[in-house]
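In my numbering, the protein residues as written are 255 to 841. Note that CB positions come from ideal geometry on N, CA and C, so glycine has one too. Given the structure is predicted, the values throughout are model-derived calculations rather than measurements. Scroll down for the structure; my scribbles are underneath it.
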Amino acid sequence: MQALELLAPARNKEIGIAAIDCGADAVYIAGPDFGARKAAGNSFEDIAELCTYAHRFGVRIFVTFNTLWRDGEEEEAHAQLLRAQDAGADAFIIREPRIAAWDDITIPIHASTQCAIRDVERARLFESLGCERIILERELSLAQIREICAAVSCEVECFVHGALCVGYSGECRLSEYIDGRSADRGECIQACRSLYDLVDGDGHVLVRGKALLSLKDFNLKGRLEELADAGVCSFKIEGRLKNASYVKNVVRDYSLALDALVAKYPERYRRASWGEVTGGFTPDTAKTFNRGYTELFLDGKRGKWSSMDAPKSMGEAVGTVQRIRRTPGQGMQFSVKPLQRGLELHNGDGFAIATADGVTGFRGDVCEGLQVRCKDVPDLREGMTLYRNISAAFEKILDTQTCRREIPVRLSVRVHGKYVLDVHAVTQDGREVLSPFHTDVETAENRERAEAMLREQLGKRSGVYRFSVDELLVETAGGKLPLLSAATLNGIRRLVAEDLDSVPVERRFRVKPGMTNNMPGMTKECHSERSEESVLLRSKYCIRYELGLCPKHQGAKPPQELFLVNNGRRLALRFDCAACEMTVNAI
C-alpha cells in the first residue's frame, strides 16, 4: 500500500505546528542558516520542539540545507547538520552533494528541486548517489513525471501548490546579476515580479510596464489522483515565507483532497501519518494569496501562464466600482455592484485594482452593506473591476476556528477481583499499553448507570488522544461494577494518556535496500551545469507565446531581437524553439 504524504512549509515552529494540526504529513523548515530562504531561519531549540510535537502523529520534519556553500563554510554547515539531526530531524533537503559523503549524517537525504531534476538521467544520478528522495522540477508534464517515477526506485516528490519561479530551479542568476543577491544563497530579490518594457531591435516598445516574467501560482489539487497513479508519493506546498493563515488554509484544502483520494482507493493508498483532524474551518484557496492559478505544463501543452498584469495577489473579483465620492482630507466612499448575489463586505477587507502600473491595493476601513469608506485611492475609477485579496471575515475564521488533531485510541476495560480495572489501550498507529487500576469503593447499585458513566468518562479526550471504549468485560461476582466518580474515571483516562506518551513513537524511515548516505564520489559535479555565462535564466515559459508571437505554435513572425528593459538596464531574450525554451541573457 502506497503512503501519500502532504508536505507543508513552515517559516517557524508555530506555523509548523499549525500545519500539522491541519493535516500535514510532513513539514519542511530551515535551521539558522543554509536554507534557501534567508528570512526563514530557526533555532535548533525550536526545531527540537517541532519534532517532538510532530512525531506524536508520525509526522516527519525535513530540515532544508539547500543553498550553495562558499569557501570556508563546510565546517559550519556540517556542525549545523549534526545539531539538526540531534534535534530530531527526519531528513535533510540538500543542494550540496558533499553532505551525503559524511558518515555521521545518518538520516535520509532528499535531493532538492534546486538540483534541477527534470529527466531520467539526472533522477538516476541522484538516486545512485544515495538520495532516498528526489524533488522534481515544476515544469514537467505528467508523462515526464511518470517516466521518471518508473525509472527510479527512490521516492519522488512534486510541488502541487504555490508560487512559481519563472526559471528552472537552481539555474537562475537574475537576482545576482541585477542586485548582487544570489538565489543560490537564499537572497532572491524576485526580479521576475518586476515591471519591464518589451523592446524590439529597432527600439520600438511593444509592451510597456508589465511584469513580463511573472507567473501565476501553481494549483494541482484537481490532479492529485493522476500524480499518485504516476508514482508520486509526496505532494509539496511552496511557501516558507507565507504566514500562518495561508499555510493553514492551503494545507487543510489539500489534506481533505488526499483524504478523499484515500477513501476512493482504500486498498491502494493510505496517509503517511496518523491522527484525525476535527473542527476548524472550510478551506478556500481563492481567499488566500495567489496570482491566479495554473497547472503549468502538466498536460504537456502550453497555456496562458503569465500574471504579467498582476504580479501581486489580486484575490477574488467581487464586483465593479460605482458612485465614487471623494472628500478632501476625509478619504473617499464608493459602492460595489456585486458579480454574484450574497456578497458581504466587512471592515478591514483588503481590495485590489489593476492599473497601468500593475496592482494597487488598499484596505476598506468601514464597509457597510455594499458601501466602502477608505483613504483616497487616486487610481480608482468608476467601472473598474474590484478584487478582494484579504477577506477580514475569513481571516478571523482561520484565526479562531482552529483545527484539532487527535489520535484515536481503542480501550478495552476488564473489571475483575475486588474491582481491579485493567485498561488496555491501542492507538491508531499501533502503540499499546496495559494500565491496571486498583479501586476500593462501594458497589454500584445501578449497573447500567455505572457502565454508562464508565464508557462516557473513559471515552473522552486527553491531550492529543481521543478515546473510545470498544469492549467492557466484567468478571466480578454477579457482574457487579464499582461506584466510580467522574473525577476518578477522568484521572484514570489521563493516566492512560500519560502511559501512551511514554511509549516511543517509531520513526519511520523508508531507506531502500542497498541505499546509503555514505556513497563515494559525492562531489560538486552534481551541480546543475550553467550554459554560457550570459544566460541568467532558462525557462519553459515563453514571452513570445504568451503575447501571441510564437512562430512554432502560433504561426507568428516576431521581431528577430527582443529585449526586456527596466530602469535603463537591458536584458536580451533568446528562443530555442527546438527545445521550446526561452533564456534571459546579460548583454
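One or two residues paired with residue i in a DSSP bridge
i, result
"Met836", "Ser793, Phe829"
"Ser716", "Tyr719"
"Met586", "Arg580, Cys628"
"Phe616", "Phe605"
"Asn473", "His415"
"Arg642", "Glu570, Phe605"
Simplified DSSP assignment, three categories, for residue i
i, result
"Met562", "coil"
"Ile388", "strand"
"His807", "coil"
"Phe316", "strand"
"Leu818", "strand"
"Ile746", "helix"
"Lys650", "helix"
"Ser423", "coil"
"Ala606", "strand"
"Val695", "coil"
"Phe380", "helix"
"Thr532", "strand"
"Arg352", "helix"
"Asp373", "coil"
"Ile283", "strand"
"Asp538", "coil"
"Ser407", "coil"
"His309", "helix"
"Arg668", "strand"
"Asn700", "coil"
"Val486", "coil"
"Val402", "One point to set straight first is that residue 402 is Ile, not Val, in the sequence displayed. It is helical."
"Thr367", "helix"
"Thr777", "With a pLDDT of 48 at Thr777, under the threshold of 50, the modelled position of that residue is not reliable, and the figure given next carries that caveat. Three-state DSSP puts Thr777 in coil, outside helix and strand."
Between the CA atoms of residue j and residue i - distance to the nearest angstrom
i, j, result
"Ala511", "Leu727", "40 Å"
"Asn821", "Cys446", "14 Å"
"Met836", "Arg372", "16 Å"
"Arg685", "Ser756", "10 Å"
"Asp325", "Cys426", "21 Å"
"Ile271", "Gly493", "15 Å"
"Val406", "Val313", "25 Å"
"Asp451", "Ala840", "16 Å"
"Gln444", "Ala826", "18 Å"
"Ala302", "Lys502", "21 Å"
"Glu729", "His670", "5 Å"
"Ile651", "Arg617", "19 Å"
"Phe543", "Ala262", "16 Å"
"Ile578", "Gln587", "6 Å"
"Leu658", "Ala498", "Rather than Leu, the amino acid found at residue 658 in this sequence is Arg. For Arg658 and Ala498, the distance between alpha carbons rounds to 15 Å."
"Ala264", "Asp507", "16 Å"
"Phe298", "Lys541", "33 Å"
"Pro774", "Trp356", "Confidence is the limiting factor: at Pro774 the pLDDT is only 42, short of 50, which leaves the residue's position unreliable, though a coordinate-based value still follows. Using only the alpha carbons, I get a separation of about 10 Å."
"Asp454", "Phe817", "6 Å"
Proximity below 8 Å, CB of residue i to CB of residue j
i, j, result
"Glu660", "Arg709", "no"
"Cys403", "Gly485", "yes"
"Gly637", "Thr574", "yes"
"Val374", "Glu401", "yes"
"Thr321", "Gly424", "no"
"Gly277", "Ser589", "no"
"Phe551", "Lys794", "yes"
"Leu624", "Pro592", "yes"
"Arg525", "Ala257", "yes"
"Ala284", "Ala294", "yes"
"Gly529", "Phe311", "yes"
"Tyr719", "Val759", "no"
"Val667", "Val677", "yes"
"Arg642", "Gly569", "yes"
"Phe413", "Phe319", "no"
"Val838", "Leu801", "no"
"Thr697", "Leu737", "yes"
"Gly713", "Ala751", "no"
"Leu383", "Pro362", "no"
Exposure of residue i, with buried meaning 16 or more beta-carbon neighbours within 10 Å
i, result
"Ala341", "buried"
"Lys470", "buried"
"Val695", "exposed"
"Met562", "buried"
"Ala397", "exposed"
"Asp344", "buried"
"Ser429", "buried"
"Arg580", "exposed"
"Asn296", "buried"
"Lys496", "buried"
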